[in-house]
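Colleague: In terms of full-length UniProt numbering, the sequence shown has 235 at position 235, counting the first letter as 1, and numbering is strictly consecutive. Here it is, the structure in full.
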Amino acid sequence: MTSLDETSSLLDPFLALLDDPAPSNVPAQTLLGAITHFISTLDDAQLARFIASLARSLSLPKTNGVSGEDIRATVKLGVVGFVMRMENEKKGVYFGSYRRSKAARHWLDGVRRATETVRHPVGPRVQVLIGLLQGVEETQTVDWGHARVKLEEKVVLALSSDEQMGKLEPLCVAMGYVDESRLLALNLQPLSDKIADHIFALLAGQQDLDQLPIYASAIGRSYVALSSDAASNQRHTLQAMSLFCQRMEGLGLELGKKDASQRQADSRGSEDKDLHKTAFNAFLLPAFSILDILLQKLSGQKEFVDLAGGIIKTMFAFSCLTASGDGLEHYHRLLAGCLDITSERGGVAATESLFLHIASERRLSDAKAAFVLILGDELVHQLGSRSIDLLLPLAERHAYRSESRPSFEAAHAFFLSLLRVSSETLQSASPQTDFFDALLPNYLSILTKVKHLVSHGMLMRATASKIRRHYARPAQASSPSYHLLRRPTGFHLYFPLP
Numbered sequence: 001m002t003s004l005d006e007t008s009s010l011l012d013p014f015l016a017l018l019d020d021p022a023p024s025n026v027p028a029q030t031l032l033g034a035i036t037h038f039i040s041t042l043d044d045a046q047l048a049r050f051i052a053s054l055a056r057s058l059s060l061p062k063t064n065g066v067s068g069e070d071i072r073a074t075v076k077l078g079v080v081g082f083v084m085r086m087e088n089e090k091k092g093v094y095f096g097s098y099r100r101s102k103a104a105r106h107w108l109d110g111v112r113r114a115t116e117t118v119r120h121p122v123g124p125r126v127q128v129l130i131g132l133l134q135g136v137e138e139t140q141t142v143d144w145g146h147a148r149v150k151l152e153e154k155v156v157l158a159l160s161s162d163e164q165m166g167k168l169e170p171l172c173v174a175m176g177y178v179d180e181s182r183l184l185a186l187n188l189q190p191l192s193d194k195i196a197d198h199i200f201a202l203l204a205g206q207q208d209l210d211q212l213p214i215y216a217s218a219i220g221r222s223y224v225a226l227s228s229d230a231a232s233n234q235r236h237t238l239q240a241m242s243l244f245c246q247r248m249e250g251l252g253l254e255l256g257k258k259d260a261s262q263r264q265a266d267s268r269g270s271e272d273k274d275l276h277k278t279a280f281n282a283f284l285l286p287a288f289s290i291l292d293i294l295l296q297k298l299s300g301q302k303e304f305v306d307l308a309g310g311i312i313k314t315m316f317a318f319s320c321l322t323a324s325g326d327g328l329e330h331y332h333r334l335l336a337g338c339l340d341i342t343s344e345r346g347g348v349a350a351t352e353s354l355f356l357h358i359a360s361e362r363r364l365s366d367a368k369a370a371f372v373l374i375l376g377d378e379l380v381h382q383l384g385s386r387s388i389d390l391l392l393p394l395a396e397r398h399a400y401r402s403e404s405r406p407s408f409e410a411a412h413a414f415f416l417s418l419l420r421v422s423s424e425t426l427q428s429a430s431p432q433t434d435f436f437d438a439l440l441p442n443y444l445s446i447l448t449k450v451k452h453l454v455s456h457g458m459l460m461r462a463t464a465s466k467i468r469r470h471y472a473r474p475a476q477a478s479s480p481s482y483h484l485l486r487r488p489t490g491f492h493l494y495f496p497l498p
């Protein structure tokens, strides 16, 4: 008896097991492995029977150790197994890629049609459809063509039923695989609000936090889909995105209130830190989607600039985690994109508004000070008098505090950027000239003190060397004009190490 004959002989008993309303006594892994095997090996006629039985099964969801996620993963592996088998069978034939894709599309259409006969709301039909879509996404070597489009439409139609709209988890999983244009068939406005509420509920209850990336990705997809729809949807989406950023900012500030000593004294300290980082990651995923939306809006509409500022404010609230940005994927790309929008579209007004908001927090930690000074460095061309009044004293305080390397380096980088920008106007009658006259001697005195710290072993030579290297460029650019116009006797711009 061939392996195909053995598979066929086992099919009827297995279908009876699936159709039994009672939970199965078969071990979960054995049961799931058999499902993968049947999907990948059965011929078209037998597969249609199997898929119909699987999609309406009452026993499978009740079986101990079998979750919706398990069913989706099992079906996905079945699709991958089918594609691998087909590629082996058609290896070396003429027009192999075309023939494989044609056979795969025919197979997928047959499987999809087999699920259409099932209407039982208790069965795992939706999970089977999502698993099929995940398997299609996994097998990029096949051109699924319109067969995938029809499967996506079937998934959306299944998810839009009254029985399924209340189940967020499978719906949010599916949203990651369905084209945004087809997602609009769902009632996305209230759905995106519901997903946002669920994210904050999970964070508040500290339960199922491993599921947060699913919901964070889904809410980002909903924003992208809604922003491409009618103007009314776009207005609602802009408000929803702003509210999401505000809520995350409030959560970040709340979680950041405990300092290091309190965390050490608290047995839950490490858990609080993990929650803090988990919450920030849950913000970053949709924030990337929001940034993509903003970058596609070519106008400098104030609401878009304010939203970019809202993302920066939220990042500031979580900045105790981001002194280096380590472990936060694409963090710097997100910050850079929002800073570009603030600078190029918002100008001085948007920059002043941003720093005015930050100034409302009176005591800044070293990490937050580093973040603020980095903002000042990046937005140096858009700084107004209020911003400089906030940044200069902050930079002075941290220019000596080498024990906090991020804020120490950010302070010197900010000073050097200010010198560079102000030195560009030395030969004109600009007020910046007077500002340069006041700033440069002040910074030289700071460097003198830094040199003293190096000589007494209180500052690493490597750090001081880095400052000197960066200092050389603005000093070189400014010294001729300064000598000619301001100081006939000159002064030493070289910062020697002992």
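Each residue gets a CB set at the ideal place from its N, CA and C atoms; glycine is no exception.
Contact check, LEU17 vs SER24 under 8 Å by CB: the rounded distance?
Modeller: Position 17 of the sequence shown, counting from 1, holds the residue named residue 17. Position 24 of the sequence shown, counting from 1, holds the residue named residue 24. About 6 Å separates the two Cβ atoms, so the contact holds.
Colleague: Where does ARG362 sit, in a helix, a strand or coil, going by DSSP?
Modeller: Walking along the sequence shown from the start, residue 362 turns up at place 362. It is coil, neither helix nor strand.
Colleague: When the Cα atoms are used, what is the spatial distance from VAL142 to LEU251?
Modeller: Locating residue 142 in the sequence shown gives position 142, counting from the first residue. Locating residue 251 in the sequence shown gives position 251, counting from the first residue. Distance between the alpha carbons of VAL142 and LEU251 is about 44 Å.
Colleague: Taking a contact to mean a Cβ-Cβ separation below 9 Å, would you say ALA55 touches LEU157 in this structure?
Modeller: Taking the sequence shown and counting its residues from 1, one reaches residue 55 at position 55. Taking the sequence shown and counting its residues from 1, one reaches residue 157 at position 157. Taking 9 Å as the Cβ cut-off, ALA55 and LEU157 do not qualify as a contacting pair.
Colleague: According to DSSP, simplified to helix, strand and coil, what is LYS449?
Modeller: Locating residue 449 in the sequence shown gives position 449, counting from the first residue. Looking at LYS449 - three-state DSSP - the assignment turns out to be helix.
Colleague: Could you name the residues of the same chain whose beta carbon sits closer than 7 Å to that of residue 562, not counting the 5 residues immediately before and after it, in chain order?
Modeller: Since the first residue shown for the chain is 1 and the last is 498, residue 562 is missing from the structure and cannot be characterised.
Colleague: Can you give me the start and stop residues for the alpha helix (DSSP H) that CYS172 sits inside?
Modeller: Working through the sequence shown from its first residue, we reach residue 172 at position 172. Taken as a continuous stretch (DSSP letters only), the alpha helix (DSSP H) holding CYS172 covers 168-175.
Colleague: Determine the extent of the alpha helix (DSSP H) in which residue 510 is found, giving its start and end residues.
Modeller: Look at the range of the chain in this structure, 1 to 498, and you will see that residue 510 is not part of it.
Colleague: Just to check my reading of the structure: ALA48 and GLY110 have Cβ atoms closer than 8 Å, yes? What is that Cβ distance to the nearest angstrom?
Modeller: Taking the sequence shown and counting its residues from 1, one reaches residue 48 at position 48. Taking the sequence shown and counting its residues from 1, one reaches residue 110 at position 110. Rounded, the Cβ-Cβ distance is 6 Å, consistent with contact.
Colleague: Under the three-state reduction of DSSP, which class applies to LYS90: helix, strand or coil?
Modeller: Position 90 of the sequence shown holds residue 90. Three-state result, LYS90: coil.
Colleague: So what does DSSP say about ASN25, is it helix, strand or coil?
Modeller: Taking the sequence shown and counting its residues from 1, one reaches residue 25 at position 25. Correct three-state label for ASN25: coil.
Colleague: Quick one: what does DSSP say TYR223 is sitting in, helix, strand or coil?
Modeller: By 1-based counting over the sequence shown, the position of residue 223 is 223. TYR223: helix per DSSP, three-state reduction.
Colleague: With DSSP as the reference, label VAL66 as helix, strand or coil.
Modeller: As a first step, residue 66 must be located in the sequence shown, where it is residue number 66. Coil, per DSSP.
Colleague: I need the DSSP call for LEU54, collapsed to helix, strand or coil.
Modeller: As a working mapping, residue 54 is identified with position 54 in the sequence shown. Here LEU54 sits in helix by DSSP.
Colleague: Around the C-beta of SER222, are 16 or more other C-beta atoms found within 10 angstroms, so that it is buried, or is it exposed?
Modeller: Residue 222 sits at position 222 when you count from the first residue of the sequence shown. Under this definition SER222 is a buried residue.
Colleague: Tell me, to the nearest whole angstrom, how far the beta carbon of LEU294 is from that of LEU307; I am working on the premise that it is less than 8 Å.
Modeller: By 1-based counting over the sequence shown, the position of residue 294 is 294. By 1-based counting over the sequence shown, the position of residue 307 is 307. At roughly 6 Å, the Cβ-Cβ gap stays under 8 Å, so LEU294 and LEU307 are in contact.
Colleague: Within 10 angstroms of its Cβ, does VAL149 collect 16 or more other Cβ (buried), or is it exposed?
Modeller: Translated into the one-based positions of the sequence shown, residue 149 becomes position 149. Counting Cβ neighbours within 10 Å, VAL149 comes out exposed, since fewer than 16 surround it.
Colleague: For ARG333, count neighbouring Cβ atoms within 10 angstroms of its own Cβ and tell me buried if that reaches 16, exposed if not.
Modeller: Position 333 of the sequence shown, counting from 1, holds the residue named residue 333. Exposed.
Colleague: What does the alpha-carbon distance come out to for the pair LYS76 and VAL178?
Modeller: Stepping through the sequence shown from its first residue, residue 76 is reached at position 76. Stepping through the sequence shown from its first residue, residue 178 is reached at position 178. Spanning the two alpha carbons is a distance of roughly 15 Å.
Colleague: Distance, Cα to Cα, SER423 vs ILE341?
Modeller: Against the sequence shown, residue 423 aligns to sequence position 423. Against the sequence shown, residue 341 aligns to sequence position 341. Whole-angstrom Cα-Cα distance: 26 Å.
Colleague: Could you check if ALA349 is buried or exposed, using at least 16 other CB atoms within 10 Å of its CB as the buried criterion?
Modeller: For this step, residue 349 is matched to residue 349 along the sequence shown. By the 10 Å Cβ count, ALA349 comes out exposed.
Colleague: DSSP three-state call for PHE318: helix, strand or coil?
Modeller: Residue 318 sits at position 318 when you count from the first residue of the sequence shown. PHE318 falls in the coil class under three-state DSSP.
Colleague: Helix, strand or coil: which one does DSSP assign to ALA216?
Modeller: By one-based count along the sequence shown, residue 216 stands at place 216. In this structure, ALA216 counts as helix in the three-state DSSP scheme.
Colleague: Please name the residue, chosen from PHE304, GLY310, LEU60, that lies closest to LEU354 on a Cα-to-Cα basis.
Modeller: On the sequence shown, residue 354 is found 354 positions in, with the first residue counted as 1. Measuring from the Cα of LEU354, the nearest candidate turns out to be GLY310.
Colleague: Below 8 Å on the Cβ atoms is my contact criterion, and I expect residue 580 with LEU151 to pass it. Report the Cβ-Cβ distance as a whole number of Å.
Modeller: Residue coverage of the chain in this structure runs from 1 to 498, which leaves residue 580 outside it and unanswerable.
Colleague: Leaving out the 5 sequence neighbours to the left and right, which residues in its chain are closer than 6 Å to PHE244 when beta-carbon positions are compared?
Modeller: The residue given as residue 244 occupies position 244 in the sequence shown. The residues are ALA196.
Colleague: How is GLY384 classed by DSSP in three states: helix, strand or coil?
Modeller: Position 384 of the sequence shown, counted from the start, is the residue given in the question as residue 384. Looking at GLY384 - three-state DSSP - the assignment turns out to be coil, as it is neither helix nor strand.
Colleague: If ALA114 and THR63 are in contact, beta carbons under 8 Å, what's the gap, nearest whole angstrom?
Modeller: For this step, residue 114 is matched to residue 114 along the sequence shown. For this step, residue 63 is matched to residue 63 along the sequence shown. Not quite, the Cβ-Cβ distance comes to about 22 Å (not below 8 Å), so this is no contact.
Colleague: Could you check if ASP70 is buried or exposed, using at least 16 other CB atoms within 10 Å of its CB as the buried criterion?
Modeller: On the sequence shown, residue 70 is found 70 positions in, with the first residue counted as 1. Buried: at least 16 other Cβ atoms inside 10 Å.
Colleague: Under a three-way DSSP split, which group does GLU137 fall into?
Modeller: On the sequence shown, position 137 is the one that residue 137 refers to. GLU137: helix per DSSP, three-state reduction.
Colleague: Please name the residue in ALA370, ILE219, TRP144, THR237 whose C-alpha comes closest to that of SER227.
Modeller: Taking the sequence shown and counting its residues from 1, the one referred to as residue 227 is at position 227. Of ALA370, ILE219, TRP144, THR237, the residue nearest in Cα terms is THR237.
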